[in-house]
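All residue numbers for the sequence shown refer to our numbering, where the first residue is 254 and numbers rise by one.
Don't be surprised by glycine CBs; every beta carbon is placed ideally from N, CA and C.
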Amino acid sequence: MRTKDEHTEAIRRDRRVAVVVNTRSRRGRRHYFEVIEQIHNLGFDPLAELSVYNTKKLRDLLDTALATDPDLLIVGGGDGTLSTAVRHVAHRDVALGVLPLGTTNNFARSLGLPLDLAGAIRVFATGKVADIDLGMADDRPFANLASFGVSVEVAGKVKPWLKRVVGRPAYPLTALTILPNHRPFRAYITVEGQRHELLTHQLNIANGRFHGGWQVARDISIDNGMLVAYQLGSGKKLRLLGETLLRATTGRWRSLAGGPFVVGREMLLETDPPMAADVDGEVRLRTPIRLRVVPNGVRVMVPAAFEDR
């Protein structure tokens, strides 16, 4: 592996990039040709320019792009698309360039990237290569979040047209329709030999700093070697209702020092009853699940001001 400085210099000097854009994402189809034009205007001549209409082919197209041996793989889409891309570039001598084209863009926000296209694209020419943490849920890598409870149902029921029309509030609005019939569950989180028990409707375990487009806490980082578990509300529906409304309207900031958080490099999560897990938007695992963080598992292109630990 090159050093990060050597990798940054190679991108600026040789400009070996490949581009993959999910045109099924919230803004992907509308901005695809604009993205390609702006990348060319920065002096890049991509080795591959691929659009994804059928998301089942995303992994194959990422493999096609990586086969051109780029120094920078530029991927545009929402958090699900970018999570898939993270799994493809993890532990490889290629950096991921992020185009935030989704609804919440949690991964891009955690990297401190501009959310406007021109600003995000400019980072490819002016930014630097950094390495960030990779989350693992059992043997499944993830970039942002593993969640349990109401959000799993929300992921399956939120309407694409609602996301297009209202953006980020589509998720808490959908949650409000599910909550009246949702039953709380008991969760047991074991960290460094200490077992934490809670009753809740919603539990999140975060690698990144943002959830639903809003900051989870000021002192969470995607590059600190830690996972953070936290609940929304409690076992009481009215409390979760209040928390959901608050997040939908204000995106309240909280601090790890003062909030209901459990922090650690590795966690064992058990629930009663056993539950499905939403891992970066994909529901494939069930509790019990062992979650851990792999420090510096992924290389990304970030603004020069990003604090790379």
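- Distance from the CA of R375 to the CA of L295, rounded to the nearest whole angstrom, comes to 8 Å.
- If you draw a straight line from the Cα of L456 to the Cα of E450, it comes to about 12 Å.
- The DSSP-derived three-state label of Y306 is coil.
- Per the coordinates, the alpha-carbon of K381 lies some 34 Å from the alpha-carbon of R537.
- Just measuring C-alpha positions, the residue of N460, Q468, R471 and H464 sitting nearest V481 is N460.
- Annotated as distal: L354 and R462, with beta-carbon spacing of 8 Å or more.
- Three or more Cβ pairs closer than 8 Å define a contact, and the region 274-290 falls short of that threshold against the region 391-403.
- Judged by DSSP in its simplified three-state form, H260 adopts helix.
- According to the DSSP assignment, T524 belongs to the beta strand (DSSP E) that extends over E519 to D525.
- Between the region 517-531 and the region 357-375 there are fewer than three C-beta pairs closer than 8 Å, too few to call the two in contact.
- Exposed is the label assigned to E259, since fewer than 16 other Cβ atoms lie within 10 Å of its Cβ.
- The Cβ atoms of R439 and L452 lie closer than 8 Å to each other.
- Non-local C-beta neighbours of L335 in its own chain, meaning closer than 7 Å and more than five positions away in sequence, comprise V328, V351, F360 and A396, ordered along the chain.
- By the beta-carbon neighbour count (other beta carbons within 10 angstroms, threshold 16), F401 is buried.
- The shortest C-alpha to C-alpha distance from I458 to any of P323, G388, V347 and R345 is the one to G388.
- Bounds of the beta strand (DSSP E) holding H449 are Q447 to T453.
- At least 8 Å separates the beta-carbon of D561 from that of G478.
- Secondary structure at L315: helix, using DSSP grouped into helix, strand and coil.
- At least 8 Å separates the beta-carbon of R268 from that of F286.
- The beta carbons of R552 and A301 sit no closer together than 8 Å.
- Around the beta carbon of Y306, a 10 Å sphere encloses fewer than 16 other beta carbons of the protein chains shown; the residue is thus reported as exposed.
- Counting only the Cα atoms, V288 lies some 7 Å from L370.
- For I292, same chain residues with a beta-carbon under 8 Å away, outside a window of 5 residues either side, are V270, V272, P299, I327, I374 and F377 in chain order.
- Within the same chain, D324 and L325 come within 6 Å of I264 by CB-CB distance, once the 5 residues on both sides are set aside.
- Secondary structure of H464 (DSSP, three-state): strand.
- Looking at the backbone, the Cα of R283 and that of N549 are separated by about 34 Å.
- Distance between F514 and T321, taken at the CA atoms: about 43 Å.
- For D346, the closest alpha carbon among the candidates R255, A557 and S363 is that of R255.
- With a beta-carbon spacing of about 4 Å, E519 and R545 fall inside the 8 Å limit used to define contacts.
- L368 has its alpha-carbon roughly 8 Å from the corresponding atom of R362.
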